[in-house]
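According to numbering that gives the first Met the number 0, the sequence shown holds residues 0 to 178 in order.
For reference, the structure is listed below as structure tokens.
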Amino acid sequence: MRIFIGIPFSEDIRKSLIDVQSSIQLISGKSKNTDEENLHLTLLFIGELDFNQVEELHCSLSALLNNVSYIKTKLTRINYFEKGNKKIVWVGIDDEKLIMQKLATNIKHAVEKLNIEVDQRPFKAHITLSREVDKLDIARLSQIEIPDKDLCIKQVIIYQSTRINGKLTYLPLYTYPLR
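Next comes the structure, spelled out in structure tokens:
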């Protein structure tokens, strides 16, 4: 199973992000938008695990996240990563106090203690909106308004990334409510 640990968003936040995606389409050529139901923040990408490893991961995260408080933050800015001659457009999350960074680091250490290899790229709190974006008008990208809404992070989820009828789908396997 292809596994990652992430944070889901409320319907209200997802709808706001879809509006931002619409604005991106107006200032770019071709792109692949993240489907609304797949919008999330990845805390840690893990990759392929078997059933027993997922169960070990579940036990470890249950203990780790048992006393973690919910996180209140905001969407911040829009930006992009370069990938070849295309771009990946994302919205950042306010992590000035490094709360998200600490959560991601703690999860990463817990997973590594299980002798599971993890993605070693540094954590950057962001939500991927569009992939394979070409002909992006970068000057206009910075002018896209990001909704000024509180983002209340109330749970962490172990997701399985799979394809169902050819469509990329993120299936929640285990959910950990934050208090």
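C-beta: ideal position from N, C-alpha, C; glycine also.
- Separation of residue 26 and residue 68 (C-alpha to C-alpha, rounded to the nearest whole angstrom) is 39 Å.
- Spanning the alpha carbons of residue 90 and residue 126 requires a straight line of approximately 5 Å.
- Contact between residue 72 and residue 152 is confirmed by a C-beta separation of about 7 Å, below the 8 Å threshold.
- The beta-carbon separation of residue 12 and residue 157, rounded to 21 Å, does not stay under the 8 Å limit for a contact.
- A residue is called buried once 16 or more other Cβ atoms fall within 10 Å of its Cβ, and residue 94 is buried on that count.
- In the pairwise beta carbon analysis, the segment 29-40 is classified as touching the segment 127-144: at least three pairs are separated by under 8 Å.
- Taken through DSSP and simplified to helix, strand or coil, residue 172 comes out as strand.
- Per DSSP, residue 117 is not a residue of any beta strand (DSSP E), being assigned neither H nor E.
- Between residue 136 and the set 14, 70, 22, the nearest pair of CA atoms involves 22.
- Within the same chain, 91, 93 come within 6 Å of residue 75 by CB-CB distance, once the 5 residues on both sides are set aside.
- Within its own chain, the residues whose Cβ lies closer than 7 Å to the Cβ of residue 111, once the five positions on either side in sequence are excluded, are 117, listed in chain order.
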